[in-house]
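Colleague:
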Amino acid sequence: MMLSRLYSTIESALQEVCGQKDVHLSDGGSHADLSSTVSFSLAKKLRRSPAEIAREMAETLSRREDLAGVRVEALGPYLNFHIGPELLETAIIEATQPGYGSFPAREERVVLEHTSANPNGPLHVGHIRNTIIGDTLARCLRKAGYPLEVQYYVNDMGRQIAIVVWGFQNIPDTPVPGEKGDHHVARIYIAANRELEKRPDAVAEVDLLMQRVESGDPQTVREFRSAVTECLDGFLVTLARLGAKHDRFVWESDFIRNGDTQRVLSKVSHMDECHEDGRLWLDLSAFGFEKEYVLRRSDGTSVYAARDLAYHIWKARNFDRVIDVLGADHKLIGAQLVTTLRLLGERPPEIVHFEFVSLPEGSMSTRAGKFVSADELLDEVTRRAYEEVTSRRPELPGAQRHEIARSVALAAVRYDIVKISPDKSTVFDWKEALDFERQSGPYIQYAHARACSILEKAGSFGTAYAPEDPHEHALVRHITRFPLVMENVVRDLKPHLLAAYARELADLFNTFYHFVPVLKSGGVLRNSRLTLVLATRNTLAEALQALGIDPLTTM
RNA sequence: GGGCUUGUGGCUUAGCCAGGAUAGAGCGCCGGGCUUCUAACCCGGAUGUCGGGGGUUCGAAUCCCUCCAGGCCCGCCA
73 MMLSRLYSTI ESALQEVCGQ KDVHLSDGGS HADLSSTVSF SLAKKLRRSP AEIAREMAET
133 LSRREDLAGV RVEALGPYLN FHIGPELLET AIIEATQPGY GSFPAREERV VLEHTSANPN
193 GPLHVGHIRN TIIGDTLARC LRKAGYPLEV QYYVNDMGRQ IAIVVWGFQN IPDTPVPGEK
253 GDHHVARIYI AANRELEKRP DAVAEVDLLM QRVESGDPQT VREFRSAVTE CLDGFLVTLA
313 RLGAKHDRFV WESDFIRNGD TQRVLSKVSH MDECHEDGRL WLDLSAFGFE KEYVLRRSDG
373 TSVYAARDLA YHIWKARNFD RVIDVLGADH KLIGAQLVTT LRLLGERPPE IVHFEFVSLP
433 EGSMSTRAGK FVSADELLDE VTRRAYEEVT SRRPELPGAQ RHEIARSVAL AAVRYDIVKI
493 SPDKSTVFDW KEALDFERQS GPYIQYAHAR ACSILEKAGS FGTAYAPEDP HEHALVRHIT
553 RFPLVMENVV RDLKPHLLAA YARELADLFN TFYHFVPVLK SGGVLRNSRL TLVLATRNTL
613 AEALQALGID PLTTM
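This note's numbering applies: residue 73 is where the first sequence begins, and numbers increase by one.
(1) Please work out which residues of its chain come closer than 6 Å, Cβ to Cβ, to C212, disregarding the five sequence neighbours upstream and downstream, and give them in chain order.
(2) N202 by DSSP, collapsed to three states: which one?
(3) Could you give the distance in angstroms between the alpha-carbon of R455 and the alpha-carbon of G250?
(4) If I measure Cβ to Cβ from T81 and keep anything under 6 Å in the same chain, skipping five residues before and after, which residues do I get?
(5) May I ask you to report which of helix, strand or coil DSSP gives Q87?
(6) So H520 and V588 are supposed to be a Cβ contact under 8 Å. How far apart are they, rounded?
(7) Just to confirm, are K442 and L431 a CB contact at a threshold of 8 Å?
(8) Between M436 and Y518, how many whole angstroms is the CB-CB distance? I'm expecting something under 8 Å.
(9) Buried or exposed for D380, please, with buried defined as at least 16 other CB atoms from any protein chain shown within 10 angstroms of its CB.
(10) Under 8 Å, do Q511 and R575 count as touching if we go by C-beta distance?
(11) Taking the DSSP output, what are the residues bridged to Y224?
(12) Ordered along the chain, which non-local residues of its own chain (more than five positions away) have a Cβ less than 8 Å from that of E540?
(13) So if DSSP puts K442 in a beta bridge, which residue, or which two residues, is it bridged to?
(14) Check whether the Cβ atoms of V394 and A388 lie closer than 8 Å to each other.
(15) Following the continuous alpha helix (DSSP H) through V375, name the residue where it begins and the one where it ends.
(16) Going by DSSP in three states, Y330 sits in which element: helix, strand or coil?
(17) Could you round the C-beta distance between V285 and P191 to whole angstroms and report it? I think they count as a contact, below 8 Å.
(18) Are Y487 and H474 touching if we call contact CB-CB under 8 Å?
(19) Roughly how many whole angstroms lie between the Cα atoms of L352 and A378?
(20) Suppose only complete runs of 4+ residues qualify. What are the alpha helix (DSSP H) ranges in the stretch 448 to 485, listed by chain order?
(21) By Cβ distance, which residues of its chain are closer than 7 Å to K93, with the 5 residues on each side in sequence left out?
(22) Measure the alpha-carbon distance for S600 versus G406 and round it to whole angstroms.
(23) Do three or more CB pairs link the stretch 346 to 361 to the stretch 300 to 319 at distances below 8 Å?
(24) DSSP on D644, reduced to helix/strand/coil?
(25) Using alpha carbons as the reference points, say which of D507, A446, G156 and L415 lies closest to E460.
(26) If I'm right that F296 touches V237 with Cβ under 8 Å, what's the distance once you round it to whole angstroms?
(27) With DSSP run on the structure shown, which of helix, strand or coil describes S532?
(28) Checking 8 Å against the spacing of the C-beta atoms, do H154 and A104 come in under that value?
(29) Mind reading off the beta-carbon distance from R321 to D254? Whole number of angstroms is fine, and I expect it under 8 Å.
(30) Return the first residue and the last residue of the alpha helix (DSSP H) that L311 is part of.
(31) Give the straight-line distance between the Cα atoms of Y218 and H96, rounded to the nearest whole angstrom.
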């Protein structure tokens, strides 16, 4: 908080001094805490050299009361701001407190939808990119003080589900002992698709199921519900293993049953863009959409887009900020949805799109049975983590080794996914998934565990702030930036920024650890270093928790 | 064909929206470091036309145009 307030103080001081709004203020990199390149743009206006302007501005700014505690200096054309020791000391002490990086409670109610995979087979390594991005954002939003509800939108009446139901009716099913519901549903779904390819005539039976479920035929509704529930129960187990929790599961069919879909369709029918020719569709070509946005079929049944519209109107009216995490394949439909909601005068969602995860042999497909399931991934990574823990800490009891392995595996999986910017498509790689070294979740956990170990051995100590080593200063500087990073993550909805921050903090701590003795130092130096270790430990823990990773105290 | 998006050392990637100070990392490679607070660690080295070309600018990985390559989308599916 302190640093972000300082940022705006410096910004307005600069604006006053140079008389323009854009003051080119940015992170000072390795040169300073903050720096400005405004002298370049002033140089042209004033017809004087940038360095000269910077020097004068530095003098003026140095005399300002509101910048007390900040050292301003000109280095060539650059205007550098160095935050003074008193301010840093306050920030470091703040960083030792639980909840560092959190903000006071806010009024704005937020709803975040993530994962929402079709219940026709287990979550795979593509789906969990959605889960991990979504859950990390959820944790960050909560930490940032927002009242948040996390929702899973259950697509319980799509064609895929009709195929599953048809499969349960028509495919001989031999139970597999110990098989999870979602894997069972996938087995039926894959077999049903194969069968339907052989018997195209049976497709009409699937269509009939879809009509019956929309009209509310009790028997069909029960069969759909039962298939979906079986799959969803499997999802719940996987989601729990991933550390992700939804507050509410919203069933798509509810928006048919409660009349919302009908209501939105009748509202839409009065729009200028609306056309009815048996079907009901919107012409959004004025907004750059070539394709017709069909909402109701000629047989009278609604299309996914119509139910989605009803769902989003419901969210818009009950929350102040609506966030969806969706795959890149939903970009077009998402943009159409946003445009339509705007035309209807409803609050559109902020959509976080993530690009696809594919396998080395090509794209994943539940229908074709070509996917690596999240359960498989977690099992394998946990197995490897257990091997690793056992070879490093053979003296620990088995139960504890299993517990550490579980946490390490989750850290590896979550971090491996969240560290990559969502707009990069990726290829799933077992070697990378099983890597517990640098730029991994376990690496950051390890730094945390090391800090814990020092603090445990230290016993009680007095708080102090007297950094002298460059490694200490670097650590201090990074720790004080944490609240700014959290603010950026929830503003821009970019969880990978937090992943990068945590890894950098671990890097700096490990270097500090190597070069700077803590327990062996004495007097105020020892207390100062222990305070810094405590601040690091706490900041790492806060960041790890926001990433959904357990801050292990030993590993 | 049209739209969206990505292209940064051998591989993976940050930085790009809000243009500036030697383009950061990791893996792999080469060479070092455990009688010292947990070596899942640390230090040093080699490796870069920031996809190609043009433009804007005092200054471009970053902005604009264009071309090339990959991914996604373009259904009365979800």
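Beta carbons: idealized from backbone N, C-alpha and C, even for Gly.
Modeller: A quick look at the data gives this:
(1) For C212, where only same-chain residues beyond five positions count, the Cβ hits under 6 Å are V561, V562 and A618.
(2) Three-state DSSP puts N202 in a helix.
(3) So the alpha carbons of these two residues sit roughly 19 Å apart.
(4) Shown here for T81: same chain residues with a beta carbon closer than 6 Å to its own, the five before and five after excluded, namely D138 in chain order.
(5) Helix at Q87.
(6) Actually they do not touch by this definition, with Cβ atoms about 17 Å apart.
(7) The answer is yes: Cβ separation under 8 Å.
(8) Contact doesn't hold; Cβ gap of about 32 Å is too wide.
(9) By the Cβ-count criterion, D380 is buried, with 16 or more other Cβ atoms from all chains shown falling within 10 Å of its own Cβ.
(10) Yes; because the gap between Cβ atoms is below 8 Å, this pair is in contact.
(11) DSSP lists F321 as partners of Y224.
(12) The residues are L597.
(13) Bridge partners of K442: S437.
(14) At the C-beta level, V394 and A388 come within 8 Å of one another.
(15) If you look at V375, you'll find it isn't in any alpha helix (DSSP H); DSSP assigns it neither H nor E.
(16) A small fix is needed here, since residue 330 is Asn in this sequence, not Tyr. N330 carries a coil assignment under DSSP once its states are collapsed to helix, strand and coil.
(17) That belief does not hold up - the Cβ atoms of V285 and P191 are roughly 14 Å apart, past 8 Å.
(18) The beta carbons of Y487 and H474 sit no closer together than 8 Å.
(19) Answer to the nearest angstrom: the Cα atoms are 10 Å apart.
(20) Complete alpha helix (DSSP H) runs here, min 4: none at all.
(21) Annotation for K93: Q87 place their beta carbon closer than 7 Å to its own, counting only its chain and skipping 5 residues before and after.
(22) Those two C-alpha atoms are separated by around 52 Å.
(23) With a cut-off of 8 Å, the stretch 300 to 319 and the stretch 346 to 361 do not count as touching, because too few Cβ pairs lie within range.
(24) The displayed coordinates of the chain run from 73 to 627. Any statement about residue 644 would go beyond what the structure contains.
(25) When C-alpha distances from E460 are compared across D507, A446, G156 and L415, the shortest belongs to D507.
(26) With a Cβ gap of about 6 Å, F296 and V237 count as contacting.
(27) Coil, per DSSP.
(28) Closer than 8 Å, so yes.
(29) Reading off the sequence shown, one finds Phe at residue 321, where the question assumed Arg. 14 Å between Cβ atoms; not a contact.
(30) Under the DSSP assignment, L311 falls in the alpha helix (DSSP H) whose first and last residues are P290 to R313.
(31) Take the alpha-carbon of Y218 and the one of H96: they are about 31 Å apart.
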